[in-house]
Every structure is written in C-alpha cells, then in structure tokens.
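Q: This note's numbering puts the first residue of the sequence shown at 920, with every later residue one more than the last. Backbone N, C-alpha and C define an ideal beta-carbon position, used for all residues, glycine too.
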Amino acid sequence: MAIPRTIMLLVFTLTVIVGYSQKIFQADSPAEAQVKVFAVEDPDEADLWVCFVWEEVELTRTGLWMDMRFAHEADVIIFFVDEEKGSDLKIWLVDTIEESKWIKNEKKKLLSIKKEPK
C-alpha cells in the first residue's frame, strides 16, 4: 500500500522543522549541558544567528530557539558560558525570525542532539 503523497510531505516538513529549530533548556551548570554556548559581540564571529521565539508554532526555520521551562521538554540542554574558549557554539542574537541562520554549517551537528530519556 502506497503512502499518500500529502502524508509523506507532512512527515518530511515536520522532520525539517524539528531538525533546524530547537526547544532548549538552560542548565544550571556546564556539567549538565549538552552544548556550551557563548553569545558573541560581533555577528561575524558567530556560528549561528539565533532568534528566541515564544510560541511553539513559531519554530519554523533555522536558528529559532524556544526556551523551555523543564529539561524533559527540550531537544537540547545548553549552558551559556562567560568565555568564548569554553564554548562549543557561538551565537549572535537577532531581533527577527527572518534574520536567524547558520553561518558555519559544520556546527549544525551540535544541535541535532536529543536528550536521553530518563
């Protein structure tokens, strides 16, 4: 039995959305984090331009992060570090959804982490 084209398209679209936008949880310490993040002061130094969104329906493209209240709700657990040398990922915060994007594609693998179930 063939899967209807619309169902395949829907599954593909949802996979793309989940793969590029993220539900994040901010850990209390670096040891609890899967990815250590540093917010740069110059956009040219960033790996990713990030825009924080407030509604799950807004998670539609690369670089959109939604801060979750609980770790079990998140796709990835991050910790903001104070020094660049201690970071895995450098971000530049942008004001609009349209500005969010990957600058360094080789860093994409850092955000494909799924938190292990407890």
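1. Can you tell me which of the three DSSP states residue 1028 falls into?
2. Under the assumption that residue 995 contacts residue 954 (Cβ atoms under 8 Å), give the Cβ distance between them as a whole number of angstroms.
3. Taking its Cβ as the centre, do 16 or more other Cβ atoms sit within 10 Å of residue 1011, making it buried, or is it exposed?
4. To which residues of the same chain is residue 983 closer than 7 Å at the C-beta, ignoring the five residues directly before and after it?
5. Determine the extent of the beta strand (DSSP E) in which residue 957 is found, giving its start and end residues.
A: This is what the structure gives:
1. Here residue 1028 is taken as the residue at index 109 of the sequence shown, counted from 1. Residue 1028: helix per DSSP, three-state reduction.
2. If you number the sequence shown from 1, residue 995 lands on position 76. If you number the sequence shown from 1, residue 954 lands on position 35. Yes, they are in contact, since the Cβ atoms of residue 995 and residue 954 sit about 6 Å apart, within 8 Å.
3. For this step, residue 1011 is matched to residue 92 along the sequence shown. So residue 1011 ends up on the buried side.
4. Reading the sequence shown from its first residue, position 64 is the one you call residue 983. 940, 970, 972, 977, 1016 and 1019.
5. Along the sequence shown, one-based indexing puts residue 957 at 38. 954 to 958 is the span of the beta strand (DSSP E), which, as asked, contains residue 957.
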